[in-house]
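Residue numbering for the sequence shown follows the UniProt record's numbering, beginning at 1 and increasing consecutively. Idealized CB from N, CA, C, for every residue including glycine. Step one of this worksheet: look at the structure below.
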Amino acid sequence: ENEIILGTGMGPLRFGATMDEVRTLVGEPEEIEESEDEDDFEHQAWNYYEDDHLLSLYFDREDDFRLSCIETDNPGLRLFGEPLHGRSLDQVRDLMQRHGQTNPELETMEGGE
1 ENEIILGTGM
11 GPLRFGATMD
21 EVRTLVGEPE
31 EIEESEDEDD
41 FEHQAWNYYE
51 DDHLLSLYFD
61 REDDFRLSCI
71 ETDNPGLRLF
81 GEPLHGRSLD
91 QVRDLMQRHG
101 QTNPELETME
111 GGE
């Protein structure tokens, strides 16, 4: 359920899924955030709070409001079957390289996270 599948999704969630398909998989979101007028792209973020962890699912207008991004702070998250929580950036890069991902894209989030 918490396994990242690069380019595909996470657990049963798949990029490109419709809002109805996502709703069937994970239920109604506890909160829906709409993009602000000044945002670069129109989107909705569906937020789910599970055991003090946040799961945010993003649906962008330019993608016909299909699932385009998954964000979570769940410490049980796994990549290639290995836990990510507590690993350094270098350790995650090494894990990706061992699995043929030689040029991973690095994104710095607001607040430097």
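In the DSSP assignment, Arg66 falls within the unbroken beta strand (DSSP E) covering Arg66 to Thr72.
Counting of Cβ neighbours within 10 angstroms places Phe41 among the exposed residues, the total staying below 16. Asp90: member of the alpha helix (DSSP H) spanning Leu89 to Arg98, first to last residue. Taken through DSSP and simplified to helix, strand or coil, Glu1 comes out as coil. Gly11 and Leu79 have their C-alpha atoms some 11 Å from each other.
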